[in-house]
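K.L.:
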């Protein structure tokens, strides 16, 4: 009996010593960061001047004295590196295409605007169609393999009198090398005669989106997925290797970090090269030097195709990806594409349609097909995102959501309208009633606002597009995004556009739809976290959440609205680790 008591006493002492050691280890990892001001995005405690971080999570928030009270003397360190700066929740890009960017940035850029490249470099703009052709000719000369595809991206005819790149244009560069130029919207491709021939596109082709001239011959302009997708599959394996993708991803991560992002996303993943990409994504997520967490949303139509080939195959594929989730890499959401692009004339608009009389756009996934495709994922509880640019597409997506809730009601839902540029007050009201969120593409106001006003939509609809003010009035939770590579990454720029609604020429579109700096900051922090289903982990500076912060040189809530985009990013902090901005 006495021996047993001794054994129990020994075990108890060992446990006490173990707990003491663990407490010391935990205490040793506690760091208090101080700042001129900490903007928390927490309504209960909106501001602070100190935040304690322990094991990558937020331990305490308040004044320095308040934070210290919860810690034993000598058990923490105080880091005053940012004492004169502003700390905000880590900025989030809730709709970008990070894998696409990692591939594209290794290829020629022919866009109208300067674009952030790898490792903080700037890709120069091409301001005329002739300049685009010259860029392509120079790129052609640099390719040593005569069979290699010349792939370029970013062209937008809306800036050039609506002059498309035709097969005749691209044949000036080469009639033997395959050439593919992607429109800035990502919804249109331009190809030369080599690719038209390889795709077997000719006068007898009836595929929607294969544009033809007056004689019935394909022009080389391919609109939307049915037309452009099969052509891309002819050469996609040439666009990247695992090594080039890794170089692109790390270079992109550095650029995103310089812009203040701590989380970014891929909103249409899957297909050729996927396995290699997943391997590299996992490597980056496990690399302490990679400064971002990543959310990967899978192509719902691709998963549906897998399900159709073999019952449940798409679900199994998605579940296998979810098994590879980690702190900094998340799979498990799906996206469907309803219509196309407004400036590419492929968005679906309600009457009266396009201001210049152009034909209405294309439904990539018509309402009946979208209902059928989304239902199994809805029943399984996966978050669903739907690309909608035109208001007819918005109405379609809302009809689909109403159908899903009728057939399979579920309370804990995440259904996001992506872009949602032309919602009416009634559609916002319906969005709120159905419990959906919206991710507004406010950058359109700056980059294409003048074209929307004069060519595409007319003054009245241009003034009300990307109506963040109306979304707020209707109680709809919304975020702001760049859809990069459609527009350049930059959360502060997205805030600036929504706050000012100024076009490239200086015109103000819909001043009554402007939002406050606080609402704009919330849109790229906590609201963005909601849209990525990470609201319990990031998006605000609250006890228990991950210590993801962005350190700014000035306060975005007191900065003049017209200079918010120019606020310097000093550093980011992820899981309590500082990532300073490299000079």
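In our numbering, the protein residues as written are 3 to 585.
Backbone N, C-alpha and C fix where the C-beta goes; we use that ideal spot for every residue, glycine too.
Here the structure is a predicted model, which means the values were calculated and not measured.
Bridge partners for residue 225 per DSSP, in chain order?
P.N.:
Bridge partners of residue 225: 190.
K.L.:
Report yes if the CB atom of residue 490 is closer than 9 Å to the CB atom of residue 117, and no otherwise.
P.N.:
Closer than 9 Å, so yes.
K.L.:
DSSP has residue 586 in a bridge; who is on the other side?
P.N.:
This structure cannot settle anything about residue 586, because the visible part of the chain is limited to 3 through 585.
K.L.:
Among 576, 545, 555, 578, whose alpha-carbon lies nearest the alpha-carbon of residue 43?
P.N.:
Answer by Cα proximity: 545.
K.L.:
Going by DSSP, what residue range makes up the beta strand (DSSP E) through residue 633?
P.N.:
Outside the displayed range of the chain (3 to 585) lies residue 633, so it cannot be described from this structure.
K.L.:
Have a look at residue 581 and residue 409 and give me their C-alpha separation to the nearest angstrom.
P.N.:
Each residue's alpha carbon lies about 47 Å from the other.
K.L.:
My output table needs one value for residue 567: the three-state DSSP class, helix, strand or coil.
P.N.:
Of the three classes helix, strand and coil, the one that applies to residue 567 here is helix, per DSSP.
K.L.:
From which residue to which residue does the beta strand (DSSP E) around residue 295 run?
P.N.:
First-last of the beta strand (DSSP E) with residue 295: 295-301.
K.L.:
Examine chain D for any beta-carbon lying closer than 9 Å to the beta-carbon of residue 443, and answer yes or no.
P.N.:
You won't find chain D in this structure, because it holds only one protein chain.
K.L.:
Less than 9 Å between the C-beta atoms of residue 406 and residue 417, yes or no?
P.N.:
Yes, Cβ-Cβ distance for residue 406 and residue 417 is below 9 Å.
K.L.:
So residue 430 is in the alpha helix (DSSP H); what residue range does that whole segment cover?
P.N.:
It spans 427-436 - the alpha helix (DSSP H) in which residue 430 sits, taken as one unbroken run.
K.L.:
Name the residue from 561, 336, 210, 552 whose alpha carbon lies nearest to the alpha carbon of residue 94.
P.N.:
Ranking the options by Cα distance to residue 94, first place goes to 552.
K.L.:
Count the other C-beta atoms from every protein chain shown that fall within 10 angstroms of the C-beta of residue 435, then say buried if there are 16 or more, exposed otherwise.
P.N.:
Classification for residue 435: exposed.
K.L.:
Since residue 159 and residue 138 are thought to touch, with beta carbons under 8 Å apart, how far apart are those beta carbons, to the nearest angstrom?
P.N.:
Contact flag wrong, Cβ pair sits at about 15 Å.
K.L.:
Have a look at 384, 34, 165 and flag the residue whose alpha-carbon is nearest the alpha-carbon of residue 223.
P.N.:
Measuring from the Cα of residue 223, the nearest candidate turns out to be 165.
K.L.:
By DSSP's criteria, residue 155 is part of a beta bridge. Which residues make up the other side?
P.N.:
111, 184, per the DSSP bridge assignment.
K.L.:
Excluding five sequence neighbours on each side, which residues of the same chain lie with their C-beta closer than 6 Å to the C-beta of residue 115?
P.N.:
Closer than 6 Å at Cβ, skipping near neighbours: 127.
K.L.:
Return helix, strand or coil for residue 59, following the three-state DSSP convention.
P.N.:
Here residue 59 sits in strand by DSSP.
K.L.:
What are the partner residues of residue 2, as DSSP defines its beta bridges?
P.N.:
This structure leaves residue 2 out entirely; the chain is present only between 3 and 585.
K.L.:
Pull up the distance between the alpha-carbon of residue 352 and that of residue 458, whole angstroms please.
P.N.:
Approximately 13 Å between the Cα atoms of the pair.
K.L.:
Relative to the alpha-carbon of residue 426, which residue among 399, 472, 444, 198 has its alpha-carbon at the smallest distance?
P.N.:
If we check each option's Cα against that of residue 426, 472 comes out closest.
K.L.:
Buried or exposed for residue 477, going by 16 or more other Cβ atoms inside 10 Å?
P.N.:
Exposed.
K.L.:
Please work out which residues of its chain come closer than 8 Å, Cβ to Cβ, to residue 304, disregarding the five sequence neighbours upstream and downstream, and give them in chain order.
P.N.:
Correct list, in chain order: 272, 273, 316.
K.L.:
Any idea what DSSP makes of residue 524, helix, strand or coil?
P.N.:
The answer is helix: DSSP assigns residue 524 an H, G or I state.
K.L.:
Should residue 339 go down as buried or exposed, given a rule of 16 or more other Cβ atoms within 10 Å for buried?
P.N.:
It is buried - the Cβ of residue 339 has at least 16 other Cβ atoms within 10 Å.
K.L.:
Measuring only the C-alpha atoms, how far is residue 78 from residue 35?
P.N.:
Whole-angstrom Cα-Cα distance: 11 Å.
K.L.:
Please classify residue 507 as buried or exposed, where buried requires at least 16 neighbouring CB atoms within 10 angstroms.
P.N.:
Under this definition residue 507 is an exposed residue.
K.L.:
So the candidates are 214, 230, 307; which of them puts its Cα closest to the Cα of residue 371?
P.N.:
When each option's Cα is compared against that of residue 371, the closest is 307.
K.L.:
For residue 267, which residues does DSSP report across the bridge?
P.N.:
297.
K.L.:
Are the beta-carbon atoms of residue 257 and residue 121 separated by less than 9 Å?
P.N.:
Their beta carbons are under 9 Å apart, which means residue 257 touches residue 121 by this criterion.
K.L.:
Does DSSP put residue 467 in a helix, a strand or coil?
P.N.:
Correct three-state label for residue 467: coil.
K.L.:
For residue 361, which residues of its own chain have a beta-carbon under 7 Å away from its beta-carbon, when the five flanking residues on both sides are left out?
P.N.:
Nothing meets the Cβ criterion.
K.L.:
So, with DSSP's three-state summary, where would you put residue 252?
P.N.:
Three-state result, residue 252: helix.
K.L.:
Hey, would you say residue 59 sits closer than 9 Å to residue 530, going by beta carbons?
P.N.:
Against a cut-off of 9 Å, the Cβ pair of residue 530 and residue 59 comes out as no contact.
K.L.:
Measuring alpha carbon to alpha carbon, tell me which residue in 547, 53, 540, 443 is nearest residue 297.
P.N.:
The shortest C-alpha separation from residue 297 is found at 540.
K.L.:
Please say whether residue 523 and residue 537 have beta carbons closer to each other than 9 Å?
P.N.:
No, the pair does not count as a contact, with Cβ atoms beyond the cut-off.
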